[in-house]
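Okay, so here's the structure we're looking at.
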Ligand code: DGY
């Protein structure tokens, strides 16, 4: 009997073709997010779900999908998946690490530079016809070169962000559960410090941690108050890592100078008070969104799903218990 794979969102045609080579595919070319009910109906007889971070994969869904062997997330973050519920039901869960590191690091830098040099604010000024001529003190920004960059979460993406800082002659501080080896620290010109020291000493703070109960509101009013008044905060991690209400307040009161935000609490809804602020650069969760990278993520998710269906260990298995038990 052929396997059935549900693909919850629109993906590239070659990815669907790859899946069709081995399975029956129920895809979603319209890209309208499926409600939990619609996803459960569609996946009731599925062997695999290739899903996105917009899909909640929880016990209720899993209980309605008795044939399911694998849930393959098209994302490196997987806080949309209840991993324990998958493991308890013998369902493998996978993600897409590695293929998006450089692209995400590029975008963290786009937000850093954009917020420091007021790029979107300047564009609005121009487009609104407010520019009457050159002025010495027009739209003064913050220098990025030779500044101190603090990275919270020094995994692969954090390190890719730090590598780029070498070209800007920056000092790098980082905070991570475990320390990097000495050679990597030397290569990146990076120093391991505590979070409070990082917040107090950095001109730019970039967040690159996964979302979990432990990182929920990791940056709130007390942490923002510890930062330099001229500092810029960049969140390319996950909504909920920052207390967005506290951030709005800190930007409004100039507790910090600016922010660049790609992810929001409760997205796609977000705190509309951000819209009234000039000192924030806003993006709709697109840090990994280059054509090559989004394709690579979807293709890797397909490979993970097909490996599980072929009885192999998927390359990016998150709950190895399930494969070990099989
Ligand atoms: C990820 O892979 O977790 C990204 O947030 C997706 O864009």
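Numbering (my numbering), first residue to last: 3 to 328. Beta carbons are placed, not taken as given, at the ideal position from N, Cα and C, and that holds for glycine. Please read these numbers as outputs of a predicted model, since none were measured by experiment.
Contact check, residue i vs residue j, beta carbons under 8 Å
i: residue 202; j: residue 181; result: no
i: residue 298; j: residue 34; result: no
i: residue 273; j: residue 260; result: no
i: residue 85; j: residue 321; result: yes
i: residue 30; j: residue 11; result: yes
i: residue 23; j: residue 240; result: no
i: residue 311; j: residue 50; result: yes
i: residue 25; j: residue 60; result: no
i: residue 66; j: residue 8; result: no
i: residue 94; j: residue 319; result: yes
i: residue 53; j: residue 73; result: yes
i: residue 155; j: residue 324; result: no
i: residue 112; j: residue 98; result: no
i: residue 266; j: residue 246; result: yes
i: residue 195; j: residue 220; result: no
Counterpart residues of residue i in DSSP-defined beta bridges
i: residue 2; result: Because the chain in this structure spans residues 3 to 328, residue 2 falls outside the shown range and cannot be described.
i: residue 193; result: 175
i: residue 83; result: 59
i: residue 74; result: 52 and 96
Three-state class that DSSP yields for residue i in the structure shown
i: residue 322; result: helix
i: residue 53; result: strand
i: residue 235; result: strand
i: residue 62; result: helix
i: residue 393; result: This structure gives no information on residue 393, because the portion of the chain shown stretches from 3 to 328.
i: residue 121; result: helix
i: residue 17; result: helix
i: residue 134; result: coil
i: residue 89; result: helix
i: residue 186; result: helix
i: residue 329; result: No statement about residue 329 is possible, as the shown extent of the chain runs from 3 to 328 and does not include it.
i: residue 126; result: helix
i: residue 202; result: helix
i: residue 275; result: helix
i: residue 327; result: helix
i: residue 22; result: helix
The beta strand (DSSP E) enclosing residue i, as first and last residue numbers
i: residue 306; result: Taken as a continuous stretch (DSSP letters only), residue 306 belongs to no beta strand (DSSP E), being part of the alpha helix (DSSP H) at 293 to 311.
i: residue 152; result: 150 to 154
i: residue 207; result: 206 to 209
i: residue 9; result: 5 to 9
i: residue 95; result: 94 to 96
N-terminal and C-terminal residue of the alpha helix (DSSP H) that residue i is part of
i: residue 109; result: 103 to 118
i: residue 250; result: 246 to 254
i: residue 167; result: 158 to 168
i: residue 70; result: No alpha helix (DSSP H) contains residue 70, which DSSP labels as neither H nor E.
i: residue 46; result: Counting along the chain, residue 46 falls outside any alpha helix (DSSP H), and DSSP gives it neither H nor E.
i: residue 216; result: Here residue 216 belongs to no alpha helix (DSSP H), and DSSP marks it neither H nor E.
i: residue 223; result: 223 to 228
Chain C within 8 Å of residue i, Cβ atoms only
i: residue 275; result: You won't find chain C in this structure, because it holds only one protein chain.
Sequence-distant residues of the same chain with beta carbon closer than 7 Å to residue i, five excluded per side
i: residue 284; result: 263 and 276
i: residue 150; result: 172, 173, 175, 203, 204 and 205
i: residue 106; result: 159, 238, 289 and 290
i: residue 248; result: 222, 223 and 226
i: residue 90; result: none
i: residue 153; result: 160, 163, 164, 174, 176, 208 and 210
i: residue 83; result: 59, 73, 75 and 95
Cβ-heavy atom distance, residue i to ligand 2, below 7 Å
i: residue 243; result: In the structure shown, ligand 2 is absent; the only ligands present are ligand 1.
Close-in-space but distant-in-sequence residues of the same chain around residue i (CB under 6 Å, 5 per side omitted)
i: residue 20; result: 304
i: residue 110; result: 163, 208, 236 and 238
i: residue 118; result: 143, 144, 146 and 234
i: residue 81; result: 213
i: residue 200; result: 152, 175 and 177
Spatial neighbours of residue i in its chain, beta-carbon cut-off 8 Å, leaving aside the 5 residues before and after
i: residue 1; result: No statement about residue 1 is possible, as the shown extent of the chain runs from 3 to 328 and does not include it.
i: residue 116; result: 122, 262 and 283
i: residue 193; result: 173, 174, 175, 176 and 187
i: residue 279; result: 250, 253 and 254
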